[in-house]
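Student: Positions in the sequence shown are counted from 1; adding 487 to them yields the numbering used here.
Let me give you the structure first, and then I'll get to my questions.
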Amino acid sequence: MKTIEVVAAIIHHDGKILATQRGYGDFKDGWEFPGGKMEAGETAEHAIVREIEEELNVEIRPEKLLHTVEYDYPNFHLTMHCFISVIMKGTIVLIEHEDAKWLKPDELDSVAWLPADVEVVEKLKVYLKEKNQL
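Have a look at this one:
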């Protein structure tokens, strides 16, 4: 089975987490943490900064690797490195996504997350609870 390695940003601001809705492909309309594929020879940290600039037109700083998901979709295996991140510069512009929402911690279950992102949401809830933000 083909393996795809990607990065995702869990962007937080004012106590809320950014969720984005895919606007293309097999998983169109599903909700996810924004990000994308790593390029050959690229570190995960560099990839997430590049991908978010390409997709949302903002510069972020990855603060912490929260979790790496290993998930089997029907046609490929996904390895997804998920970083807690903050926006350093810019205003979000949806370039590849059709919608975005800032969710409070108690609203994380209010969108239909893509299957691989569900595990990340659960890890994020634990992380936020430990930091007394849930």
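Every residue gets a Cβ at the ideal spot worked out from N, C-alpha and C, and that includes glycine.
Which ranges does the beta strand (DSSP E) cover as unbroken runs of at least 3 residues, wholly within the region 571-618, from first to last along the chain?
Tutor: Correct list: 584-590.
Student: Which residues mark the beginning and the end of the beta strand (DSSP E) in which E493 is found?
Tutor: By 1-based counting over the sequence shown, the position of residue 493 is 6. Residue identity differs from the one stated: residue 493 is Val in this sequence, not Glu. Segment T490 to H500, the beta strand (DSSP E) holding V493.
Student: By DSSP, does H542 sit in helix, in strand, or in coil?
Tutor: Locating residue 542 in the sequence shown gives position 55, counting from the first residue. Looking at the sequence provided, one finds Glu at residue 542 rather than His. Correct three-state label for E542: helix.
Student: If you measure between the beta carbons of L505 and L590, is that distance less than 9 Å?
Tutor: Translated into the one-based positions of the sequence shown, residue 505 becomes position 18. Translated into the one-based positions of the sequence shown, residue 590 becomes position 103. A contact, by the Cβ cut-off of 9 Å.
Student: Just the Cα atoms here: how many angstroms apart are I498 and P592?
Tutor: Taking the sequence shown and counting its residues from 1, one reaches residue 498 at position 11. Taking the sequence shown and counting its residues from 1, one reaches residue 592 at position 105. Spanning the two alpha carbons is a distance of roughly 12 Å.
Student: Is it the case that the Cβ atoms of E635 and I571 are separated by a distance below 9 Å?
Tutor: Any question about residue 635 goes unanswered here, given that the chain covers just 488 to 621.
Student: Could you compute how far the alpha carbon of E529 sits from the alpha carbon of V536?
Tutor: Here residue 529 is taken as the residue at index 42 of the sequence shown, counted from 1. Here residue 536 is taken as the residue at index 49 of the sequence shown, counted from 1. Spanning the two alpha carbons is a distance of roughly 11 Å.
Student: State the start and end residues of the unbroken beta strand (DSSP E) segment that holds K503.
Tutor: The residue given as residue 503 occupies position 16 in the sequence shown. It spans K503 to R509 - the beta strand (DSSP E) in which K503 sits, taken as one unbroken run.
Student: Can you give the beta carbon distance from V556 to V613, rounded, assuming they're within the 8 Å contact cut?
Tutor: By one-based count along the sequence shown, residue 556 stands at place 69. By one-based count along the sequence shown, residue 613 stands at place 126. 14 Å between Cβ atoms; not a contact.
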